[in-house]
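The next block holds one structure in the form of structure tokens; read it before the comments.
Protein chains: 2
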Amino acid sequence: MAEIICTVDVVLLTLLDGQLRVALLRRDHEPFPGVLALPGGYIHPDQDGDTQVAAARVLLEKTGIVSPYLEQLATFSGRGRDPRGWSLSICYYALVPTEVIRLAGHPEVVLVPADGIAGLPFDHQQIVAAALERVRNKSSYSSLPVYLCGDTFTLPQLQSVYEALLGEPVNKVSFRRKIEEFDILEPIEGAMETGKAHRPAQLYRLKSRYRNRLSLTDRGLGTG
Amino acid sequence: MAEIICTVDVVLLTLLDGQLRVALLRRDHEPFPGVLALPGGYIHPDQDGDTQVAAARVLLEKTGIVSPYLEQLATFSGRGRDPRGWSLSICYYALVPTEVIRLAGHPEVVLVPADGIAGLPFDHQQIVAAALERVRNKSSYSSLPVYLCGDTFTLPQLQSVYEALLGEPVNKVSFRRKIEEFDILEPIEGAMETGKAHRPAQLYRLKSRYRNRLSLTDRGLGTG
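Protein chains in written order, with our numbering: chain A, 1010 to 1233; chain B, 1010 to 1233.
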């Protein structure tokens, strides 16, 4: 039977200047050498326990980043997507604060605005579009956007992350009620954000047991 | 590099006696010969355009069924799930009226209650659980359950399909409003369901352009 090329690709998203960006790397080999593409690579059955482990390994090897949130998106496949032959890629998406990418310090990582992205090789454009749809959809009813914040943040900062993702203003009262329902944040005692024009705001962090989990609500977040 | 076993599996769901059931087949070869399992098979790169095509082919070959709704669920993978070696299965789920399974007439297809299913080989139990979660979640905000109905149905029949899936009563008024918003059904002129104790009810069918698509609502269906 003909061989199937088995790879993983990762859509690593971050928020920079209020804009969702995707981390790309210039490919260093055929096909498409020198072209910006998603970080990806072959599955190594001798090394990877499963495809999730493969995706985390590839992300670390190519970008130096460990993402606390890494979720399977979908599998893209077929005869036409890779000039080397029939291939499938199990795709994942990850969300990290830009700080994490900066600290990893890989000079090759380029952060490109995710909306309207073009010129990617293979079917990477479709993969990015699918990731954006998933992230926006999931943000409307879950705590997912928290993974785009740094270790500590104020509620107004978190609200603006939600608004940047959803692309519309969020009602402050229902936003705060939902965040309270999620019960995933804890105030950092005595820590206030100061030095701004506004009055000091309480700093929060994710409760430690939620660092890898999502909280869901069965209703929307009260956008509009 | 070690070879990866690439397969597809299909969770074919139907509603029988108000209960979600999954179609299983007795395996006719190693591993697990004689054991009931999901219909599945190898991807044939020489034959299948992509994994979706592979899943439709395998479903047809093993059960005689063409499902108008077939969606990718997730990819299950790893070293431990198949005794033959490192494997991955791109899993799909399909919804059909029981009538379609009966007409396909494959005597080997067994319809087993999906909730609390046990004794399946590989990680098929996990796959069925993931499919149930997806279908129930999606049913709460989309027209997905329509695919479990026959060609024609009344609104009370459709409502009872939603209720069987969601496992709770649905408010009739908000249910009808949502179905109207979906705008996917058309009344069949002059066709009424008669011969029941209740007064005759209008028969509906899916508009032809929606036979393969879902309609979504951004709010729930008003359960409870």
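Think of the CB as a built atom: it goes at the ideal place given N, C-alpha and C, for glycine as much as any other residue.
Run through the DSSP bridge pairs and tell me what Gly-1050(B) is partnered with.
Val-1017(B)
Identify which residue in Ala-1138(A), Asp-1192(A), Cys-1015(A) has its Cα closest to the Cα of Leu-1082(A).
Ala-1138(A)
Taking the alpha-carbon positions, what's the Pro-1106(B) to Thr-1023(B) distance?
6 Å
Below 8 Å, can you find three or more Cβ-Cβ pairs linking the segment 1147 to 1154 of chain A to the segment 1177 to 1185 of chain A?
no
For Gln-1061(A) and Pro-1130(B), the rounded distance between their alpha carbons
22 Å
Please compile the residues from chain A whose C-beta is within a distance smaller than 9 Å of the C-beta of Val-1136(B).
According to the sequence displayed, residue 1136(B) carries Ile and not Val. Correct list: empty, because the minimum Cβ distance to chain A is about 13 Å.
Checking contacts by CB at 8 Å: is Ser-1148(B) closer than that to chain A?
no
Take the Cβ of Lys-1216(A) as the centre, count every other Cβ of all protein chains shown within 10 Å, and call the residue buried at 16 or more, exposed below.
exposed
What would DSSP say about Leu-1215(B), mapped onto helix, strand or coil?
strand
What three-state label does DSSP hand Val-1179(A) in the structure shown?
strand
Could you name the residues of the same chain whose beta carbon sits closer than 8 Å to that of Glu-1117(B), not counting the 5 residues immediately before and after it, in chain order?
Leu-1034, Arg-1035
Drop a sphere of 10 angstroms on the beta-carbon of Arg-1030(A), count the other beta-carbons inside from all chains shown, and report buried for 16 or more, exposed for fewer.
buried
Could you give the DSSP three-state label for Pro-1165(B): helix, strand or coil?
helix
Which two residues bound the contiguous alpha helix (DSSP H) that contains Gln-1028(B)?
Run containing Gln-1028(B): none in the alpha helix (DSSP H); it sits in the beta strand (DSSP E), 1028 to 1035.
Quick one: give me the first and last residue of the alpha helix (DSSP H) that Ser-1086(B) is part of.
Careful: Ser-1086(B) lies outside any alpha helix (DSSP H), inside the beta strand (DSSP E) at 1079 to 1087.
Local Cβ density within 10 Å of Leu-1167(A), reported as buried at 16 or more and exposed below that
buried
Taking the straight line between their C-alpha atoms, what separation do you get for Pro-1122(A) and Val-1170(A)?
15 Å
For Leu-1129(B), the three-state DSSP class (helix, strand or coil):
coil
Could you check which residue in Arg-1066(A), Arg-1093(A), Val-1182(A) has the C-alpha nearest to that of His-1038(A)?
Arg-1093(A)
In chain A, what lies closer than 9 Å to Arg-1093(B) by C-beta?
Near Arg-1093(B) there are no residues of chain A at all, since even the closest Cβ is about 12 Å away, more than 9 Å.
CB contact below 8 Å: Pro-1130(B) versus chain A:
no
Assess contact between the segment 1155 to 1167 of chain B and the segment 1181 to 1198 of chain B, defined as three or more Cβ pairs (one per stretch) separated by less than 8 Å. Is contact present?
yes
Using a Cβ distance threshold of 8 Å, determine whether the segment 1041 to 1051 of chain A contacts the segment 1060 to 1079 of chain A, with at least three qualifying pairs required.
yes
Starting from Glu-1245(A), trace the alpha helix (DSSP H) in both directions and tell me its first and last residue.
Outside the modelled stretch of chain A, which goes from 1010 to 1233, sits residue 1245(A), for which no answer is possible.
With DSSP as the reference, label Ile-1271(A) as helix, strand or coil.
With chain A represented from 1010 up to 1233, any question about residue 1271(A) goes unanswered, as that position is not in the structure.
Assigned exposure category for Asp-1192(B) - 16 Cβ within 10 Å defines buried:
exposed
Rank Pro-1054(A), Phe-1085(A), Glu-1172(A) by C-alpha distance to the C-alpha of Gly-1058(B) and give the top, closest one.
Phe-1085(A)
Cα-Cα separation, Ala-1113(B) to Gly-1073(B)
5 Å
Put Pro-1092(A) into one of helix, strand or coil per three-state DSSP.
coil
Could you say which of Tyr-1219(A), Gly-1199(A), Pro-1054(A) lies nearest to Leu-1153(A) if we only look at CA atoms?
Tyr-1219(A)
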